[in-house]
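Heads up: the sequence shown begins at 1 in full-length UniProt numbering, then just goes up one per residue. Please read the structure below before turning to the comments.
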Amino acid sequence: MIFIVVKFPVKPEHAENWPEIVADYTRNTRAEDGNRFFEWSRSLEDKNTYVLVEGFEGQDAAVAHVGSDHFKWAVANLGAYISDNPQIINVQDASDWGPMAEISPH
1 MIFIVVKFPV KPEHAENWPE IVADYTRNTR AEDGNRFFEW SRSLEDKNTY
51 VLVEGFEGQD AAVAHVGSDH FKWAVANLGA YISDNPQIIN VQDASDWGPM
101 AEISPH
């Protein structure tokens with residue numbers, strides 16, 4: 001699995017509307033054959049930062065995502081809404097999600 005985490009620093013005037021701004025991009029990415037997950041969260045420390053956690057079945061799925069019309073739309077348009085370059089972590093050979101050993105429900 002390709003595992004990617006991206007922090008998006010969103011301009012303050014767009015932070016409240018970010019989920020709507022990326023709604024079509026999110027929906028279209030989640031519909032891709034090789035997409036395992038594509039989840040947004042808002043930072044607790046900085047209300048203008050959104051964190052995207054995404055997973056793809058493998059290299060072919062990741063390449064297809066980058067070649068998609070919706071990814072090209074994101075590249076062409078999201079720059080108008082961010083205050084700095086997004087920061088990314090990209091792991092090429094990740095395993096799947098698993099339970100955290102240190103914390104359990106009780």
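Idealized CB from N, CA, C, for every residue including glycine.
* Asked: Taking the C-alpha atoms as reference points, what is the distance between W97 and I2?
  -> 12 Å
* Asked: Which whole-angstrom value is the C-beta distance of E39 and H65, which I expect to be below 8 Å?
  -> The pair is not a contact, with the Cβ atoms about 15 Å apart (cut-off 8 Å).
* Straight-line CA distance for L44 to R27? -> 24 Å
* To do: Report the rounded CA-to-CA distance for N48 versus S104, giving the unit in angstroms.
  => 31 Å
* Close beta carbons around F37, own chain, < 6 Å, minus the five adjacent residues each side -> G55
* **Residue range of the unbroken beta strand (DSSP E) whose run includes V91** => Q87 to V91
* **Where A62 falls, given that 16 or more other Cβ within 10 Å makes a residue buried** => buried
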